[in-house]
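Chemist: In the numbering used here, the protein residues as written are 15 to 198. One structure, pasted below without further comment.
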């Protein structure tokens, strides 16, 4: 009996070799099919082609629903879903200001949730601390004149977390003053 050969998984190169032979009408049809296939594809294409007045809106909605869910409808916090929204925006547009906005918004939503509803768990705070650091890094990569509003929002997050445990406030404070030592 002959051993089964493991079939190679197709790669982008395999698909690309097929796409190259398509005409414009066929490409438009494929893009339309992808657009209708999923909400994520729709968001991606809307952002990539700048067809919305506020290209961040669908991504912010996803982050807010994930990090500040409706507890009265028994909606869970979904950190990975919120992070995925940021990644989709980054891949679609690659806009530093938009990425800084979404990362900051992620922490604002999670922070507001814990301030309003009480103590969470270590994993939740670790995710917020990590995203806070990422937001700082993204903001520091912006020109100085574009950092002001973000800096104020980061400080507000840090200040509002004073009574939260798990080392959360301490980590935010350390990260904020390391990035902006002149504020200390």
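Ideal Cβ placement from N, Cα and C applies to all residues, glycine included.
Please return the same chain residues whose Cβ sits closer than 8 angstroms to the Cβ of residue 179, not counting the five positions on each side in sequence.
Modeler: So the qualifying residues of the chain are 133.
Chemist: Assuming residue 93 and residue 113 form a contact by the criterion Cβ under 8 angstroms, report the distance between their Cβ atoms to the nearest whole angstrom.
Modeler: Actually they do not touch by this definition, with Cβ atoms about 17 angstroms apart.
Chemist: Assuming residue 142 and residue 190 form a contact by the criterion Cβ under 8 angstroms, report the distance between their Cβ atoms to the nearest whole angstrom.
Modeler: Contact flag wrong, Cβ pair sits at about 13 angstroms.
Chemist: Going by DSSP in three states, residue 178 sits in which element: helix, strand or coil?
Modeler: Note: residue 178 maps to coil in three-state DSSP.
Chemist: Check whether the Cβ atoms of residue 207 and residue 175 sit closer than 8 angstroms, and answer yes or no.
Modeler: A query on residue 207 cannot be resolved here, the shown segment of the chain reaching from 15 to 198 and no further.
Chemist: Going residue by residue through the segment 48-109, where are the continuous beta strand (DSSP E) segments of at least 3 residues, counting only ones entirely within it?
Modeler: The qualifying runs do not exist here; there are none.
Chemist: Can you tell me whether residue 36 is helix, strand or coil according to DSSP?
Modeler: In this structure, residue 36 counts as coil in the three-state DSSP scheme.
Chemist: Measure the alpha-carbon distance for residue 186 versus residue 117 and round it to whole angstroms.
Modeler: Between residue 186 and residue 117, the C-alpha separation is close to 14 angstroms.
Chemist: Three-state secondary structure (DSSP) at residue 156?
Modeler: In the structure shown, residue 156 sits in coil (DSSP, three-state: anything other than H, G, I, E or B).
Chemist: Less than 8 angstroms between the beta carbons of residue 228 and residue 121, yes or no?
Modeler: The displayed coordinates of the chain run from 15 to 198. Any statement about residue 228 would go beyond what the structure contains.
Chemist: Can you name, in chain order, every residue of its own chain whose Cβ lies under 8 angstroms from the Cβ of residue 45, other than the five neighbours on each side?
Modeler: Here the set comprises 59.
Chemist: Here's the rule: buried if 16 or more other CB atoms are within 10 angstroms of the residue's CB, otherwise exposed. What is residue 107?
Modeler: Flag for residue 107 reads buried.
Chemist: Comparing alpha-carbon positions, which option in 192, 32, 81 lies nearest residue 129?
Modeler: Nearest C-alpha to residue 129: 81.
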